[in-house]
Amino acid sequence: MQAQGAGKTPVLKQTSSMRAIPERMEMSDSRGSGYDAEKLRREVRRGYAAIARSGGSCCSSSSCCGSTDAGTAMESLGYRREDLAVLPDGANMGLSCGNPLALASLKPGEVVLDLGSGGGMDVFLAARSIGPAGRAIGVDMTAEMVSKARAAMETFRAASGLDNVEFRLGEIENLPVADASVDVVISNCVINLSTDKPRVWREIARVLKPGGRAVVSDPALLRPLPDSLRMSLEAYVGCVAGAVTVEETRDAATAAGLNVTDLRLNSSYSLLLESLADQLPGGITDMLPESTGPSDFVVGLDITAVKPE
Ligand SMILES: C[S@@+](CC[C@H](N)C(=O)[O-])C[C@H]1O[C@@H](n2cnc3c(N)ncnc32)[C@H](O)[C@@H]1O
């Protein structure tokens with residue numbers, strides 16, 4: 018979800034290789050309290066492991082991107098075609114919902130950390146912006162995603178001449194990253210999947226250097242989801258049911274000690290959601306009240322927050 022372009026849905030279609038995820042589980046609200054957090058995490062990991070295994074691109078065989086291929090989808094989010102063209106095969110999995118790099122103003126030599134790096138797209142793109150003196154680090158809790166991104170590193174090195182990328186297996190609630198060691202945290206369509214979002218923001222604040230910044234793209238809730246959707250595990254894994262409001266995200270960042278300097282709604286993401294409404298998994302669209310569409314409930318949010326000096 019990103020302010021300058023249209024958006025690719027973060028919602029995953031059920032893939033042929035994806036184990037059937039139980040449609041519902043006990044959840045008392047849409048924010049994680051009352052969830053069986055560990056079970057939810059396991060299901061999120063299982064869903065993304067299946068996507069990672071499903072081929073070089075999630076769009077190639079599993080059509081998680083519906084009729085929109087990953088390149089077209091990312092262009093609609095504001096990514097430049099020429100930047101996408103030099104990515105290693107499979108790095109763009111069509112799973113983003115924004116373009117945090119467009120707002121991050123990366124500078125040569127900076128250390129960049131991507132929370133939930135998936136196939137590595139934003140990490141590889143950031144690495145080119147920060148150059149040989151910088152470092153781009155991706156963290157993801159799904160081993161299959163980390164393996165996939167690591168496998169692409171050699172292609173990236175050969176194409177760019179850069180050796181400034183690494184991928185770490187870990188959770189964004191417990192970042193495997195030292196205190197005050199990062200200039201820029203980015204994240205693209207991931208924090209909604211966490212059952213402890215305030216803790217993620219505290220981790221962001223911990224790893225940022227004083228004066229460092231975080232640029233996060235994520236879905237945000239415009240109004241409460243219908244119960245059926247809120248309780249759908251598939252909608253949670255698909256980046257819908259775990260979304261919180263803009264205010265909740267701003268409050269979590271502020272409570273972590275960060276200064277929120279920019280908040281933008283991304284209507285183009287909503288447009289894309291609408292265009293893919295009939296392809297969303299798990300009957301998501303059918304669970305919406307008559308005469309409403311996904312964009313009546315979910316919008317893209319880009320938030321920038323700075324750690325005080
Ligand atoms: C929707 S995909 C987005 C991937 C990538 N940011 C992109 O734009 O292509 C979500 C990714 O976040 C990872 N993820 C979800 N929850 C996580 C958590 N709590 N800790 C670490 N990674 C997580 C998943 O494994 C998956 O790779």
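Using our numbering, read the sequence shown as starting at 18 and increasing by one per residue. The C-beta atom is built at its ideal place from N, Cα and C for all residues, glycine as well.
Residue burial classification, residue i (beta-carbon count within 10 angstroms, cutoff 16)
i, result
"Arg330", "With the chain covering only 18 through 326, there is no way to say anything about residue 330."
"Val103", "exposed"
"Arg97", "exposed"
"Asp319", "buried"
"Asp124", "The sequence shown places Lys at residue 124, rather than the Asp named in the question. So Lys124 counts as exposed."
"Met44", "In this prediction, Met44 scores a pLDDT of 40, lower than 50, which makes its location untrustworthy; the coordinate-derived value is nonetheless stated afterwards. That one is buried."
"Thr159", "buried"
"Glu410", "Outside the modelled stretch of the chain, which goes from 18 to 326, sits residue 410, for which no answer is possible."
"Asn283", "buried"
"Pro306", "exposed"
"Arg247", "buried"
"Gly228", "exposed"
"Arg152", "buried"
"Pro311", "buried"
"Gly115", "buried"
"Pro105", "buried"
"Asn191", "exposed"
"Pro117", "buried"
"Ala143", "buried"
Coarse secondary structure for residue i, derived from DSSP in three states
i, result
"Leu280", "strand"
"Thr262", "strand"
"Val323", "strand"
"Asp213", "coil"
"Lys226", "strand"
"Ile68", "helix"
"Ser134", "coil"
"Arg152", "strand"
"Ala270", "helix"
"Arg185", "strand"
"Pro311", "helix"
"Ser93", "helix"
"Ala237", "strand"
"Ile203", "strand"
Reference residue i, options the options, closest by Cα
i, options, result
"Met138", "Leu120, Pro149 and Ala166", "Ala166"
"Leu65", "Val163, Gly317 and Pro117", "According to the sequence shown, residue 65 is Tyr rather than Leu. When only C-alpha atoms are compared, the closest one is Val163."
"Leu120", "Asp295, Arg230, Val263 and Val261", "Arg230"
"Ile107", "Asn116, Gly115, Ile68 and Gly95", "Reading off the sequence shown, one finds Gly at residue 107, where the question assumed Ile. Of the listed residues, the one whose Cα sits closest to Gly107 is Ile68."
"Pro325", "Asn209, Leu179 and Arg223", "Arg223"
"Gly135", "Leu238, Ala169 and Val323", "Ala169"
"Asn181", "Asp100, Ser146 and Ala195", "Ser146"
"Leu210", "Glu183, Ala260, Met91 and Leu238", "Ala260"
"Leu94", "Asp86, Ala150, Asp100 and Ser113", "Ser113"
"Thr262", "Cys256, Cys206, Thr278 and Arg240", "Arg240"
"Gly317", "Arg281, Ala197, Glu92 and Leu293", "Arg281"
"Val323", "Cys206, Asn276 and Leu290", "Asn276"
"Leu242", "Glu183, Val232, Cys256 and Ser234", "Cys256"
"Arg63", "Thr278, Asp157 and Ser308", "Asp157"
"Lys226", "Val140, Ala197, Pro193 and Thr309", "Ala197"
"Ala90", "Pro149, Gly111 and Ser287", "Gly111"
"Gly155", "Asn109, Ile203, Leu179 and Ala195", "Ile203"
"Ile189", "Leu179, Pro149, Phe141 and Val233", "Val233"
"Glu161", "Arg70, Gly178 and Leu179", "Arg70"
CB contact below 7 angstroms: residue i versus chain C
i, result
"Glu291", "Any reference to chain C falls outside this structure, which holds one protein chain only."
Problem - Stretch-stretch touch, CB-based, cutoff 8 angstroms, three pairs: the region 124–135 with the region 168–182 - result: no
Exercise for the section: Count the C-beta pairs between the region 195–214 and the region 261–272 that are closer than 8 angstroms, then say yes if the count reaches three, no if not. Expected result: yes
Problem - Sufficient close CB pairs (3 or more, under 8 angstroms) joining the region 300–311 to the region 250–257 - result: yes
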